[in-house]
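Going from the sequence shown to this note's numbering is simple: count from 1 and add 11.
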Amino acid sequence: MSRLAILGGSPRFSSELPVGQLYFPSWDRYEAAMRGIFERRFYTNQGPLTNALEEKLRAFFGVKHVIVVANATLGLIMAAKALNLQGKVIVPAFTFIASVQSLTWAGIDPVFCDVDIETHGLHPASVNRLIDGEVSGILATNLWGGACAIEELQKIALERGVKLYFDSAHGFGVEAFGRRLGGFGELEVFSFHATKILSATEGGCICTDDDNIAARLRNMRSSYGAGPPVDVPLTSNARMSEAQAAIALMSLEDFETNVENNRLQSAAYSRTIAGIPGVSLVRVDAASKSNFQYVVCRLDEDTFGMSRDQLLIALKCENVNVRRYFYPGVHRSIPYSEAFSQCNTFLPNTDKLCTELFQLPVGAMVDVDIAAAIGELIGDISEHAGEIRGRLSR
Ligand SMILES: Cc1ncc(COP(=O)(O)O)c(C=O)c1O
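Here is the structure:
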């Protein structure tokens with residue numbers, strides 16, 4: 012075993028290993044796609060590639076409408092407006108801040124709800140307790156290539172007369188409760204950011220089976236060509252360009268291959284991490300099929316011998332970038348922290364997950380051998396936990 016970099020050895024990896032999919036098609040395929048855009052002289056405003064992408068995604072998701080957008084954040088803001096939400100919406104604080112910011116941009120007050128310690132999605136009984144006359148909706152998240160308690164949340168939303176929709180930014184291609192994500196609730200929003208399993212470099216889409224919601228979303232997506240008048244006075248620019256759609260179409264062609272590569276990497280992590288006390292891979296049990304978009308681990312500080320953040324420093328010295336995801340919880344982030352500290356709400360599961368979880372490199376820049384080597388490295392670090400703690404406290 013070579014000496015750990017944090018203890019004076021050389022880094023195990025010569026260049027930095029990133030977190031996130033970072034899909035790149037071959038140069039030849041990219042060049043052919045861009046040549047087509049140049050020949051057609053059509054950059055944006057629902058060109059042939061954007062329309063083809065929507066068509067293919069409609070078939071993929073098995074839903075009536077797919078509205079591609081510039082990114083999922085804009086998609087979430089548009090969703091809140093298209094659903095005509097008012098007052099308050101229940102949302103987890105254990106999520107990427109964009110979920111909550113989308114409500115703020117739409118003029119809605121977020122009501123933070125704790126998550127289930129297993130699914131990491133909204134805890135249904137807590138949601139039910141929080142619904143009052145001012146709550147008009149529930150924004151639930153499907154994280155890590157898994158799913159939250161979708162069916163229970165649907166039952167609650169129906170019984171209590173509030174609208175349920177999903178931030179499924181991590182959920183492309185995931186199957187749960189007998190079908191593919193995309194058709195649950197009023198609508199679902201997906202991200203096609205470069206780090207995601209389906210990449211448009213930047214991008215996303217909204218899926219819905221509701222004609223009226225779809226018409227409102229299309230109207231909001233573009234100030235041009237908004238189509239037949241609908242009762243939405245708002246328009247914006249969340250258009251996806253042809254260049255983004257070209258990458259997304261190639262990424263869609265390679266989707267199953269990329270999922271399989273991620274699955275193998277995840278299995279290599281699982282094998283090598285299995286015997287290390289205090290570390291475990293987060294399982295995404297509620298999904299019958301995952302996209303293996305993320306490899307998320309949980310660290311128990313007492314058993315492992317050092318904190319999650321100390322482990323991250325040791326890995327960074329080896330050129331392994333590991334992300335605290337999500338950290339801090341949105342309830343502890345500006346602009347929400349002050350109001351949250353004054354209300355009498357506690358989010359124990361959220362706070363626990365925010366200090367215990369980390370995300371390992373996976374995707375196009377990683378392979379099975381690299382994943383196994385990182386897993387073994389974590390084992391080496393655990394064996395030197397005392398020495399490393401001493402070094403970090405100096
Ligand atoms: C849970 C969640 N929601 C929303 C987003 C925002 O997606 P985008 O970057 O496409 O705006 C992300 C991005 O990582 C996310 O993780």
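Beta carbons: idealized from backbone N, C-alpha and C, even for Gly. None of the values given here were measured: they were computed from a predicted structure.
Compute every distance between the C-beta of Thr212 and the non-hydrogen atoms of ligand 1, then say whether any falls below 7 Å. Not so, every heavy atom of ligand 1 lies at least 7 Å from the Cβ.
Three CB pairs or more closer than 8 Å across the stretch 363-372 and the stretch 22-39: At 8 Å Cβ cutoff, the stretches touch.
Between the beta-carbon of Ala158 and the beta-carbon of Ala180, is there less than 8 Å? No.
Leaving aside the five residues before and after Val333 along the sequence, list all residues of the same chain whose C-beta is less than 8 Å from its C-beta, in chain order. Exclusion of the five residues before and after Val333 leaves Val30, Leu322, Leu323, Leu326, Lys327, Phe369, Gln370, Leu371, Pro372 as the residues of its chain whose Cβ lies within less than 8 Å of its Cβ.
Counting C-beta neighbours from all protein chains within 10 Å, is the total for Ala136 16 or more, i.e. buried, or is it exposed? So Ala136 counts as exposed.
Could you tell me whether the stretch 386-399 touches the stretch 345-352, where touching means 3 or more Cβ pairs closer than 8 Å? In short, these stretches do not touch, since the Cβ pair count stays below three.
Contact between the stretch 119-133 and the stretch 259-275 (3+ Cβ pairs under 8 Å): Cβ pair count under 8 Å is below three, so no.
What separation, rounded to the nearest whole angstrom, lies between the Cα atoms of Ser110 and Val102? Straight through space, the alpha carbons of Val102 and Ser110 are spaced by roughly 8 Å.
Let me know if Thr246 comes out buried or exposed under the rule of 16 or more other beta-carbons within 10 Å of its beta-carbon. Exposed is the call here.
Under 8 Å, do Gln255 and Thr219 count as touching if we go by C-beta distance? In this structure, Thr219 does not lie closer than 8 Å to Gln255 by Cβ.
Between Phe123 and Thr356, how many whole angstroms is the CB-CB distance? I'm expecting something under 8 Å. Right, the Cβ-Cβ distance comes to about 6 Å (below 8 Å), so this counts as a contact.
First and last residue of the uninterrupted beta strand (DSSP E) at Ser252: Premise fails: Ser252 is in no beta strand (DSSP E) and is neither H nor E.
For the stretch 78-98 against the stretch 358-368, are there 3 or more C-beta pairs whose distance is under 8 Å? Judged by Cβ distances under 8 Å, the stretch 78-98 makes no contact with the stretch 358-368, as fewer than three pairs qualify.
Once you ignore the five residues that flank Leu85 on each side, which residues in its own chain have a CB closer than 8 Å to its CB? Taken in chain order, the residues that qualify are Gly215, Ser247, Ala249.
Segment limits, beta strand (DSSP E) that includes Val307: Val307 -> beta strand (DSSP E) spans 306-310.
Could you tell me how far apart the beta carbons of Ala184 and Asn82 are, in whole angstroms, since I believe they sit closer than 8 Å? It is worth fixing the name first, because residue 184 is Gly in this sequence and not Ala. Under the criterion of beta carbons closer than 8 Å, Gly184 and Asn82 do not qualify as touching, at roughly 19 Å.
Val200 vs Leu87 beta-carbon contact at 8 Å: Against a cut-off of 8 Å, the Cβ pair of Leu87 and Val200 comes out as a contact.
Who are the near neighbours of Ala104 in its chain, counting only those whose CB is closer than 7 Å to its CB and skipping five residues on each side? Result list for Ala104: Phe123, Gly340, Val341, His342, Leu358, Thr361, in chain order.
Span of the alpha helix (DSSP H) holding Gly386? Segment 379-394, the alpha helix (DSSP H) holding Gly386.
What's the C-alpha gap between Val306 and Tyr280? Cα atoms of Val306 and Tyr280: separation of roughly 8 Å, rounded to the nearest angstrom.
Any chance you could list the alpha helix (DSSP H) runs of at least 4 consecutive residues sitting entirely within the stretch 256-344, in chain order? List check, alpha helix (DSSP H) in window: 266-284, 312-315, 319-328.
Quick check on the burial criterion: 16 or more other C-beta atoms within 10 angstroms. Buried or exposed for Asn223? Around the CB of Asn223, fewer than 16 other CB atoms lie within 10 Å, so the residue is classed as exposed.
For Pro22, which beta-bridge partners are listed by DSSP? DSSP output for Pro22 lists no bridge partner at all.
I want to check one thing, is the minimum distance from the CB of His342 to the heavy atoms of ligand 1 below 7 Å? No, the beta carbon of His342 sits no closer than 7 Å to any heavy atom of ligand 1.
Applying the 10 Å Cβ sphere with the 16-neighbour rule, what's the burial state of Tyr176? Tyr176 should be labelled buried.
Alpha carbons only, please: which of Phe71, Leu292, Asn56 is nearest the one belonging to Leu263? Residue Phe71 is the option with its Cα nearest to Leu263.
Against chain C, with Cβ distances strictly below 8 Å, would Lys92 count as a contact? Looking at the structure shown, chain C is missing, and only one protein chain is on hand.
Within the present structure, is the beta-carbon of Ala83 separated from the nearest heavy atom of ligand 1 by less than 7 Å? Checking every heavy atom of ligand 1 against the Cβ of Ala83, one is found closer than 7 Å.
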